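Colleague: Under full-length UniProt numbering, the first residue of the sequence shown carries the number 1, and numbering increases by one thereafter.
Where a beta carbon is used, it is the ideal one built from N, C-alpha and C, also for glycine.
Keep in mind it's a predicted model, so treat the numbers as computed, not measured.
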Amino acid sequence: MTNELYAVVGNPISHSKSPRIHSLFACQTGEPVEYTAIQAPIDEFSGTVRHFFERGGKGLNVTVPFKEQAWTLADHRTPRAEKAGAANTLYLDQENELVADNTDGVGIVRDLQNNHGVALKGLKVLVLGAGGAVRGVIGPILAEQPAALTIANRTVAKAEALVRLFAKEAGTTVLSACGFEAPDQPFDLIINGTSASLQGDLPPVSANVIGPATVVYDMMYSLQTTTFNQWALDNGARRVHDGLGMLVEQAAESFFVWRGVRPETAPVIEELRTD
Numbered sequence: 001m002t003n004e005l006y007a008v009v010g011n012p013i014s015h016s017k018s019p020r021i022h023s024l025f026a027c028q029t030g031e032p033v034e035y036t037a038i039q040a041p042i043d044e045f046s047g048t049v050r051h052f053f054e055r056g057g058k059g060l061n062v063t064v065p066f067k068e069q070a071w072t073l074a075d076h077r078t079p080r081a082e083k084a085g086a087a088n089t090l091y092l093d094q095e096n097e098l099v100a101d102n103t104d105g106v107g108i109v110r111d112l113q114n115n116h117g118v119a120l121k122g123l124k125v126l127v128l129g130a131g132g133a134v135r136g137v138i139g140p141i142l143a144e145q146p147a148a149l150t151i152a153n154r155t156v157a158k159a160e161a162l163v164r165l166f167a168k169e170a171g172t173t174v175l176s177a178c179g180f181e182a183p184d185q186p187f188d189l190i191i192n193g194t195s196a197s198l199q200g201d202l203p204p205v206s207a208n209v210i211g212p213a214t215v216v217y218d219m220m221y222s223l224q225t226t227t228f229n230q231w232a233l234d235n236g237a238r239r240v241h242d243g244l245g246m247l248v249e250q251a252a253e254s255f256f257v258w259r260g261v262r263p264e265t266a267p268v269i270e271e272l273r274t275d
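1) Based on DSSP bridge pairs, tell me the residues matched to asparagine 3.
2) Are there 16 or more other CB atoms within 10 angstroms of the CB of threonine 155, so buried, or fewer, so exposed?
3) Please classify glycine 260: is it buried, with 16 or more other beta-carbons within 10 angstroms of its beta-carbon, or exposed?
4) Sorted by chain position, which residues of the same chain lie with C-beta nearer than 7 Å to leucine 112's C-beta, five sequence neighbours on each side aside?
5) Please give me, in chain order, every unbroken run of the alpha helix (DSSP H) with length at least 4 that falls completely inside the region 156 to 206.
6) If you scan the region 53 to 84 from start to end, which runs of the alpha helix (DSSP H) of 4 or more residues do you find wholly inside it?
7) Within the continuous beta strand (DSSP E) that includes arginine 239, where are the two ends?
8) For glycine 132, which three-state DSSP category applies?
9) So, with DSSP's three-state summary, where would you put isoleucine 269?
10) Looking at the structure shown, is isoleucine 42 part of a helix, part of a strand, or coil, going by DSSP?
11) Would you say the region 159 to 171 touches the region 186 to 193, given that touching needs at least three Cβ pairs under 8 Å?
12) Does DSSP put threonine 89 in a helix, in a strand, or in coil?
13) Which one of Leu223, Val257 and Tyr221 has the shortest CA to CA distance from tyrosine 6?
14) Are the Cβ atoms of glutamate 249 and valine 106 separated by less than 8 Å?
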């Protein structure tokens with residue numbers, strides 16, 4: 001059986017773990033998948049996508065800085081991509097039209113619940129940041145019915161815009177927005193959706209948001225403890241997790257969208273941790 005071609009596209013892309021993850025999925029499932037990384041010129045994303053599918057490519061993952069462009073480029077969007085305003089998964093439907101999906105929200109929820117035993121129902125959740133990464137995960141988090149979800153951001157208006165966007169999906173969840181400095185009570189779960197950890201910085205949040213039972217999740221990942229997670233541990237968080245599991249879980253959901261087969265994620269996460 002001839003391998004079918006998939007890829008991740010971004011700029012830069014050499015650091016991406018996606019080829020390794022999908023190669024491990026292919027080995028595990030026996031699916032005929034060949035998966036590569038493509039660095040698209042900043043001003044040539046649409047041409048790169050078109051060329052990939054014209055030469056027989058079956059599916060693309062999309063990463064920084066092209067997720068919003070992928071969303072715009074698509075002929076059709078899944079409901080979760082529509083709400084996220086960004087896409088990380090592309091494929092052609094039976095009419096040869098481009099479909100955009102977003103698996104990031106599913107990725108973080110599965111990582112929290114399946115890999116870390118954090119059931120979101122009834123929790124008081126604080127999300128830091130209001131950019132594309134956060135917008136992509138709010139819907140799936142709300143679907144798990146936390147008691148409250150507070151979105152804190154440097155520019156409060158951006159957080160308020162997300163509250164308005166997801167108000168109808170909040171259900172019984174108390175959904176609110178504020179600045180970074182405002183939260184002053186402990187939360188059950190804190191999710192850092194800012195990119196501050198990449199620069200070794202911290203969002204200016206009070207340590208009062210951390211109590212002895214608080215679980216902290218940084219959507220960034222690194223070989224060492226992220227800056228944010230170290231800060232959380234120093235201030236008494238019960239435990240901290242980084243975003244590597246989210247990366248693998250969103251990849252598994254993309255694999256399922258493309259192939260109809262759901263790979264096991266735990267052995268892949270473990271392998272990446274020890275690489």
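Modeller: Put simply:
1) Asparagine 3 pairs with nothing; no bridge assigned.
2) exposed
3) exposed
4) Closer than 7 Å at the Cβ level, and outside the excluded window around leucine 112, lie Val118, Leu120 and Tyr217.
5) Every alpha helix (DSSP H) of 4 residues or more that sits fully in the region 156 to 206 is shown, in chain order, as 156 to 166.
6) If we require 4 residues or more, the alpha helix (DSSP H) runs fully inside the region 53 to 84 come out as 67 to 73 and 79 to 84.
7) 239 to 241
8) helix
9) helix
10) coil
11) Between the region 159 to 171 and the region 186 to 193 there are fewer than three C-beta pairs closer than 8 Å, too few to call the two in contact.
12) strand
13) Val257
14) yes
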